[in-house]
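Counting along the sequence shown from 1, when you hit position 104 you're at 1578 in this note's numbering, and nothing is skipped either side. Beta carbons are placed, not taken as given, at the ideal position from N, Cα and C, and that holds for glycine.
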Amino acid sequence: MKTRLQNREIKVCPLIIRESGDFCELLLFKHPQADVQLVKGTVELTDKSLENAALRELEEESGVSNVLSTEYMGSWESGFQNQVWHFVLCKTSEKLPDSWSFYTQDDGGHEFQFFWHKLGEPLHFKCHQVFFEAIKQVESMQV
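Set out below in structure tokens:
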């Protein structure tokens, strides 16, 4: 069941950001049928908090489960399908590889290709407008 507040669909977006020299990189993935995306999902009634939902989505979609801490970064009116996104910064206990594949069970199963995007750089990949705007929103946050 989807969680809704005043007919709003509540989404959570776990963010993993790593420092690389003088810049920061954001974890993204290539969906085999829907271009590049951020990890994101619907908050479920069983989730105890937005942070809990972020951890669940992160593990389900990327396989990353070694999170040391989370920090709520704020909400964003996406302007897409009446969705409100909540961003949660997730800090991992180990260094993640430069790229990897993860097979998720979501929507019948898909293999996602994870990679890092240098924040502030032009997007050199195809993505839906909502993900383009979400990445710009992340860039505007103090992370």
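When the Cα atoms are used, G1583 and G1537 turn out to be separated by approximately 13 angstroms. Residues K1485, C1487, W1550, S1552 of the same chain have their beta carbon placed closer than 6 angstroms to that of W1559, with the five preceding and five following residues left out of the count.
CA-CA distance, E1483 to T1516, rounds to 7 angstroms. According to the DSSP assignment, E1525 belongs to the alpha helix (DSSP H) that extends over 1524–1536.
Look at D1580 here: in three-state DSSP terms it is helix.
Put simply, of E1595, P1596, F1576, V1604 the residue whose alpha carbon is nearest the alpha carbon of Q1587 is F1576. Note on T1544: 16 or more other CB atoms within 10 angstroms of its CB, so buried under the neighbour-count rule. With 16 or more other CB atoms across the displayed protein chains lying within 10 angstroms of its CB, K1514 is buried. Within its own chain, the residues whose Cβ lies closer than 7 angstroms to the Cβ of N1481, once the five positions on either side in sequence are excluded, are N1556, listed in chain order.
For the 9 angstroms CB-CB criterion, F1554 and V1604 form a contact. Counting C-beta pairs with one atom in each stretch, the stretch 1492–1512 and the stretch 1521–1529 have fewer than three that are closer than 8 angstroms, which means they do not touch. Between F1606 and L1597, the beta carbon gap of about 6 angstroms places them in contact (Cβ cut-off 8 angstroms).
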